[in-house]
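**Student:**
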Amino acid sequence: MRSKVAEELSDEFRAEMLALSVDERVRLAKNLGKQAVRLYADAEGISLDEARRQLMRNAQLGRRPSKVASE
Numbered sequence: 085m086r087s088k089v090a091e092e093l094s095d096e097f098r099a100e101m102l103a104l105s106v107d108e109r110v111r112l113a114k115n116l117g118k119q120a121v122r123l124y125a126d127a128e129g130i131s132l133d134e135a136r137r138q139l140m141r142n143a144q145l146g147r148r149p150s151k152v153a154s155e
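Heads up, the sequence shown is in our numbering, so the first residue is 85 and it goes up one at a time.
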């Protein structure tokens, strides 16, 4: 069961996101992605390029090729 505070925060966050234009949401998503890569690079002590490569590699682990794509 979620708390009333968590529900209110979730509602507020949803309202804030809906108030943004599509361009603003895309810009926010890109900025959050860049920030995440910087944080990962700093935490691992690696360059931004290496962090991007590692994150892309990690995203592919365990994925199976689509049967439809190979036909």
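The beta-carbon is built from N, C-alpha and C at its ideal position, and this holds for glycine as well. Predicted model, so just to flag it, every value in this text is computed and none were measured.
Where does Ala-27 land, buried or exposed, given buried means 16+ other C-beta within 10 angstroms?
**Tutor:** Any answer about residue 27 is impossible in this case: the structure gives the chain only from 85 up to 155.
**Student:** Between Ala-125 and Leu-132, which are expected to be in contact by the criterion C-beta below 8 Å, what is the C-beta distance as a whole number of angstroms?
**Tutor:** By one-based count along the sequence shown, residue 125 stands at place 41. By one-based count along the sequence shown, residue 132 stands at place 48. Contact between Ala-125 and Leu-132 holds, with the beta-carbon distance rounding to 5 Å and staying under 8 Å.
**Student:** Taking Arg-141 as part of the alpha helix (DSSP H), name the residues at either end of that continuous run.
**Tutor:** Within the sequence shown, numbered from 1, the residue matching residue 141 stands at position 57. Counted as a single uninterrupted DSSP element, the alpha helix (DSSP H) harbouring Arg-141 occupies residues 132-144.
**Student:** Report back the beta-carbon spacing between Arg-111 and Met-101 to the nearest angstrom; my notes put them in contact at under 8 Å.
**Tutor:** Position 27 of the sequence shown holds residue 111. Position 17 of the sequence shown holds residue 101. Incorrect: roughly 13 Å between the Cβ atoms, too far for contact.
**Student:** Do you know whose CA, among Ala-99, Leu-139, Arg-147, Ser-94, lies nearest Lys-118's CA?
**Tutor:** The count along the sequence shown starts at 1 and reaches residue 118 at position 34. Ranking the options by Cα distance to Lys-118, first place goes to Leu-139.
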